[in-house]
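Protein chains in written order, with the working numbering: chain S, 1 to 415; chain P, 1001 to 1415. Here the structure is laid out as structure tokens; the discussion comes afterwards.
Number of protein chains: 2
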Amino acid sequence: MEKTRNPVSVAEAVARVIAKAVRTGTESVPLAESYGRILAEPLTATHDVPHFTRSPYDGYAIRSADSAEAFGGNRVTFTVVDHIGAGQVSRVTVGAYEAVRLMTGAALPAGADAVVMFEQTAEAGPLGFTIRKAFASGENLSLQGEDMQAGEQIIPAGSFIQPGTIALLATFGYAQVKVARRPVVGILSIGTELLDVATPLEPGKIRNSNGPMIAAQLARMGIPFKMYETAADQLEESLLTVQQALLETDCLITTGGVSVGDYDYLPEIYSRIGAEVLFNKVAMRPGSVTTVAVSGNKFLFGLSGNPSACFTGFELFVRPALLQMTGADKVYLPYTKAVLAEDFSKANPFTRFIRAVYDGFSVRPAGFNKSNAVSSIARGNSLIVLPGGTRGYSAGTAVDVLLLGVEEGTDEWLL
Amino acid sequence: MEKTRNPVSVAEAVARVIAKAVRTGTESVPLAESYGRILAEPLTATHDVPHFTRSPYDGYAIRSADSAEAFGGNRVTFTVVDHIGAGQVSRVTVGAYEAVRLMTGAALPAGADAVVMFEQTAEAGPLGFTIRKAFASGENLSLQGEDMQAGEQIIPAGSFIQPGTIALLATFGYAQVKVARRPVVGILSIGTELLDVATPLEPGKIRNSNGPMIAAQLARMGIPFKMYETAADQLEESLLTVQQALLETDCLITTGGVSVGDYDYLPEIYSRIGAEVLFNKVAMRPGSVTTVAVSGNKFLFGLSGNPSACFTGFELFVRPALLQMTGADKVYLPYTKAVLAEDFSKANPFTRFIRAVYDGFSVRPAGFNKSNAVSSIARGNSLIVLPGGTRGYSAGTAVDVLLLGVEEGTDEWLL
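Below, the structure is given as structure tokens:
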């Protein structure tokens, strides 16, 4: 009755998934809707930045040659001939011993080649000031193109669009942004025991928590989804829903039904639809039954029905796959090392992922860690990764930590 | 013309803002829309978890007393009298040497008090199996309430609702969730030099990048906003817009107009509307002109017009203030220590925040770091914090790092 499955390593499983990801294509969205998307083409400077030479300070624009004789007691006097703020352009050409009073960000007037800061001057009548040092040509200026030059490629395609990226896109006039189309993901929770959230409990049944949780994991990535009605452990009925979902979505996440129990029909469903099973056992806890299959160019993620295993399977396999589909350049969970704050004595031959609270320095298991326990899920912001072996781990050991809920990932897989 | 302002430390500035935050109140939202919100009341277990004693394995439910004589060569035979999966409840009461075949998650049938895993049995005819060891009462069971008990407070009010929290809320039947109302934030970019993103460049002018950037910083927090039309440096016009925004929003973020230049009218506007200025100079670079005022119980955040300073001012002051308004328990940016990957030789008397790329181990300035440079904003995922002083910092030094783009913060301010 037990079917033998050969476990693959987590790294091998991730690599198999990444290798099968097919790009979703691109679309154009308004700048205001582009946060969190993936750039589909490089962000190129459409003009120099600054695109005109300007003053980085409040002060006076002068001809530097006129300041050549100024030093110590030998003050040189200038007459103010115009007064501009940022966004204004002076109509005067600065002549000998003339100055234009100007504010930070204002364009350097014609004739001038340096700026004197207010604190470098002394007042001399209502329209004049004196200086006591010489200024070099170009002193106190932001030169045209000193930050970026027209045509320069600033951010590569595949970058995550964060608020700073939006600032750049706005600067260069990208009112529309070419981004990767987001995959639409189907969610199907399978299990005769499952009730919807609004349903009163019944003997032997539990409410479906995996479906709403996965929807939130997708929402956190900004990825749209279609939730299918919870299916009982019925082969024909589930098969029809899977087939329907493959028509309507870019990939399908199922929870439950993927193990070797008498009513676990997903292996049979994969077989019936001719899907290629990339793996059906991973050397990890929780979630060793996690299965990923491909039908046509669409992923079928068969996550465990246990909430912790389901959660972990999503973050380890579904998340990088979806990002890879968008052409993102950083598809993996970011990671760090931290000091284990308490003993973890349970040894396991498989790599163990433990929901944990990371505080920037140390990391502590979030609580009761049986794979069907949901209570600790809501506390963790990370996963401790403990390599499989014959011993537990003691407090003070430096361990690998995968960080959850971080908007941008990394381009290298930890394991 | 120069007005003297007294700088406050960043820590003091943050403390003054936090002290003035007024709670927004609460509302009820559907579970499916609750990701990223702040719990307004504790999440309490509405029933035991598990709410019935169940099998954690695929196997057979038996009466443990019947296994007492089993050992080694003395195998005991059981007859299978029913077969259930998760979600099903057996109608039989298990009698002497009887067993119910059951799958992971299925309720323990009446009469049984232990589960024998498949791998602990040998088949004996079509309806029987044998075992070779004794089982204790309660062996291989998930006992009712072993994970959580009815009435137990699982997650406190003020918690960020992450996907794991959603799983818990679903488990306990919270189809509606009581959360903090999100503040509605007004955004007003001030500056005669500002053009909208879709407008062609003009001499002396630049496109407004701060407004869209702040909108994205709010979007990243899931906070709604109202964007006001960019204002020129005109006192009366800006005053009217500020007054309008205070009627329509919970707080207002302005960019620009806040320094001591000839056309910086925000100080005058604060005075005209009788706002209390909490500070108008902070001992930090960039963004020393950052100003926060309060009118009635509404914040007026006066951020610098320089993109880097604006970005940093938002993350340091606006973000914790908005979270505090929702009653969140972790309002500050998370932080860690990392090794500085390259020299930063520029000394500064003020604390410096440098946009940086953190890879989990070391941290590196994201690039050209003048406060008006936008090019590096789009590369950073963190801010290096360098305390003010007379010396620069050399590669290899451990420095403080504030992490950006992390969904959940920390409850303690770094500085």
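Don't be surprised by glycine CBs; every beta carbon is placed ideally from N, CA and C. Just so you know, these numbers come straight off a predicted model, no measurement behind them.
Let me know if S/Asn74 comes out buried or exposed under the rule of 16 or more other beta-carbons within 10 Å of its beta-carbon. What you label residue 74 of chain S is simply residue 74 of the first sequence in a count that begins at 1. Label assigned to S/Asn74: exposed.
In whole angstroms, what is the alpha-carbon distance linking S/Arg182 and S/Gln243? In the first sequence, counting from the first residue as 1, residue 182 of chain S sits at position 182. In the first sequence, counting from the first residue as 1, residue 243 of chain S sits at position 243. Going by the C-alpha atoms only, they are around 21 Å apart.
For the candidate residues S/Pro349, S/Gly409, S/Ile377, S/Ala378, whose alpha-carbon lies nearest to that of S/Thr390? By 1-based counting over the first sequence, the position of residue 390 of chain S is 390. Residue S/Pro349 is the option with its Cα nearest to S/Thr390.
Chain S contact for P/Ser1189 (CB, 8 Å cutoff): Position 189 of the second sequence, counting from 1, holds the residue named residue 1189 of chain P. Chain S contact via Cβ: absent.
Rounded straight-line distance, which links the Cα of P/Gly1211 to that of P/Glu1248: Position 248 of the second sequence, counted from the first residue, corresponds to residue 1248 of chain P. Position 211 of the second sequence, counted from the first residue, corresponds to residue 1211 of chain P. Using only the alpha carbons, I get a separation of about 18 Å.
Can you pull the chain P residues whose beta carbon is under 7 Å from the beta carbon of S/Ala215, in chain order? The residue you call residue 215 of chain S lines up with position 215 of the first sequence. Near S/Ala215 (Cβ distances below 7 Å), the residues of chain P are Ala1032.
Within chain P, partners of S/Ala219 - CB distance below 7 Å: If you number the first sequence from 1, residue 219 of chain S lands on position 219. Residues of chain P passing the Cβ test: Tyr1035.
Backbone CA spacing between S/Ala378 and P/Phe1078 [nearest angstrom]: Counted from its first residue, the first sequence places residue 378 of chain S at position 378. Counted from its first residue, the second sequence places residue 1078 of chain P at position 78. Rounded to whole angstroms, S/Ala378 and P/Phe1078 show a C-alpha spacing of 42 Å.
Chain S residues whose Cβ lies nearer than 7 Å to that of P/Ile1166: Sequence index remark: in the second sequence, residue 1166 of chain P carries index 166 (1-based). Under the 7 Å cutoff, chain S gives Pro212, Met213, Ala216.
Comparing C-alpha positions only, which one of S/Ile206, S/Ile384, S/Thr230 sits nearest to S/Arg285? Here residue 285 of chain S is taken as the residue at index 285 of the first sequence, counted from 1. The option with the nearest alpha carbon to S/Arg285 is S/Ile384.
Nearest-angstrom beta carbon gap, S/Ala328 and P/Ala1215 [assumed within contact, 8 Å]: Here residue 1215 of chain P refers to the residue found at position 215 of the second sequence. Here residue 328 of chain S refers to the residue found at position 328 of the first sequence. Incorrect: roughly 22 Å between the Cβ atoms, too far for contact.
Where in the stretch 1142-1204 of chain P do unbroken runs of the alpha helix (DSSP H), each at least 4 residues long, occur, reported from the N-terminal end onward? 1163-1171
Since S/Glu123 sits in a beta bridge, which residues does DSSP pair it with? Translated into positions along the first sequence, residue 123 of chain S becomes position 123. S/Phe129, per the DSSP bridge assignment.
What are the uninterrupted segments assigned as beta strand (DSSP E) that are 3 or more residues long and contained completely in the stretch 1020-1089 of chain P, given in chain order? 1026-1030, 1059-1062, 1076-1084
Residue span of the beta strand (DSSP E) that contains P/Ala1338, given as start and end: The residue labelled residue 1338 of chain P in the question sits at position 338 within the second sequence. Counting along the chain, the beta strand (DSSP E) containing P/Ala1338 begins and ends at 1335-1340.
Can you find the residues in the same chain that come closer than 6 Å, C-beta to C-beta, to P/Ala1013, ignoring five residues on each side of it along the sequence? Along the second sequence, one-based indexing puts residue 1013 of chain P at 13. So the qualifying residues of the chain are Phe1279, Val1282.
Based on Cα-Cα distance, which residue from S/Glu193, S/Leu316, S/Ser34 lies nearest to S/Leu415? By 1-based counting over the first sequence, the position of residue 415 of chain S is 415. Measuring from the Cα of S/Leu415, the nearest candidate turns out to be S/Leu316.
Terminal residues of the continuous alpha helix (DSSP H) containing P/Ile1269? For the purposes of this step, residue 1269 of chain P is taken as residue 269 along the second sequence, with counting starting at 1. That run of the alpha helix (DSSP H) goes 1266-1272.
At the level of alpha carbons, what is the spacing between P/Lys969 and P/Ala1398? Outside the shown range of chain P (1001 to 1415) lies residue 969 of chain P, about which nothing can therefore be said.
Output the distance between the C-alpha atoms of S/Arg207 and P/Gly1125, rounded to the nearest integer angstrom. Here residue 207 of chain S refers to the residue found at position 207 when the first sequence is read from its first residue. Here residue 1125 of chain P refers to the residue found at position 125 when the second sequence is read from its first residue. Using only the alpha carbons, I get a separation of about 37 Å.
If I measure Cβ to Cβ from S/Leu169 and keep anything under 8 Å in the same chain, skipping five residues before and after, which residues do I get? For the purposes of this step, residue 169 of chain S is identified with residue 169 of the first sequence, where counting begins at 1. Around S/Leu169: Leu31, Ser34, Leu43, Ile161, Val177.
The beta strand (DSSP E) with S/Ala114 in it runs from where to where? Position 114 of the first sequence, counted from the start, is the residue given in the question as residue 114 of chain S. Where S/Ala114 is concerned, the enclosing beta strand (DSSP E) stretches over 114-117.
Using a C-beta cutoff of 8 Å, does P/Gly1257 count as contacting chain S? The count along the second sequence starts at 1 and reaches residue 1257 of chain P at position 257. Not one chain S Cβ lies under 8 Å of P/Gly1257.
Who does S/Ser295 pair with in a DSSP beta bridge? Here residue 295 of chain S refers to the residue found at position 295 when the first sequence is read from its first residue. According to DSSP, which records beta bridges pairwise, S/Ser295 is partnered with S/Lys298.
Could you have a look at P/Pro1387 and say whether DSSP puts it in helix, strand or coil? Here residue 1387 of chain P refers to the residue found at position 387 of the second sequence. P/Pro1387 sits in coil when the DSSP states are folded into three classes, being neither helix nor strand.
Let me see if you follow: with CB-CB separation under 8 Å, is P/Asp1307 close to chain S or not? Reading the second sequence from its first residue, position 307 is the one you call residue 1307 of chain P. Rather than Asp, the amino acid found at residue 1307 of chain P in this sequence is Pro. Cβ-Cβ to chain S under 8 Å: yes for P/Pro1307.
So S/Ala40 packs on S/Ala157, CB below 8 Å; how close in whole Å? Within the first sequence, the letter at position 40 stands for residue 40 of chain S. Within the first sequence, the letter at position 157 stands for residue 157 of chain S. The C-beta separation of S/Ala40 from S/Ala157 comes to about 6 Å, placing the pair in contact by the 8 Å criterion.
Using Cβ-Cβ distances below 9 Å, what residues of the stretch 55-89 of chain S are close to chain P? Pro56, Asp58, His83, Ile84, Gly85, Ala86, Gly87, Gln88, Val89
Can you tell me the Cα-Cα spacing of S/His51 and S/Ile154, whole angstroms? Taking the first residue of the first sequence as 1, we reach residue 51 of chain S at position 51. Taking the first residue of the first sequence as 1, we reach residue 154 of chain S at position 154. Those two C-alpha atoms are separated by around 16 Å.
Min CB distance P/Glu1407 to chain S below 8 Å: Position 407 of the second sequence, counting from 1, holds the residue named residue 1407 of chain P. Interface residue, yes.
Under 8 Å, Cβ to Cβ, is there at least one residue of chain P near S/Asn369? Here residue 369 of chain S refers to the residue found at position 369 when the first sequence is read from its first residue. Residue confidence is low: S/Asn369 scores 49 on pLDDT, short of 50, so the model does not pin down where it sits. Its coordinate-derived value is still stated next. Judged by the 8 Å Cβ criterion, S/Asn369 is not in contact with chain P.
Taking 7 Å as the cut-off, is the beta-carbon of P/Ser1067 closer than that to any non-hydrogen atom of the ligand SAM? Of ligands this structure carries none, so the ligand SAM is not represented either.
Out of curiosity, what's the CA-to-CA distance linking S/Gln324 and S/Ala15? Within the first sequence, numbered from 1, the residue matching residue 324 of chain S stands at position 324. Within the first sequence, numbered from 1, the residue matching residue 15 of chain S stands at position 15. Rounded to whole angstroms, S/Gln324 and S/Ala15 show a C-alpha spacing of 11 Å.
Taking the alpha helix (DSSP H) that P/Ser1345 belongs to, which residues open and close that run? Taking the second sequence and counting its residues from 1, one reaches residue 1345 of chain P at position 345. Careful: P/Ser1345 lies outside any alpha helix (DSSP H) and carries neither H nor E.
Locate the alpha helix (DSSP H) running through P/Ala1219, then write down its first and last residues. Within the second sequence, the letter at position 219 stands for residue 1219 of chain P. First-last of the alpha helix (DSSP H) with P/Ala1219: 1210-1221.
Taking CB distances under 8 Å as the criterion, tell me whether S/Gly327 reaches chain P. As a working note, residue 327 of chain S is residue 327 in the first sequence. Taking Cβ atoms only, chain P never reaches closer than 8 Å to S/Gly327, which makes this a no.
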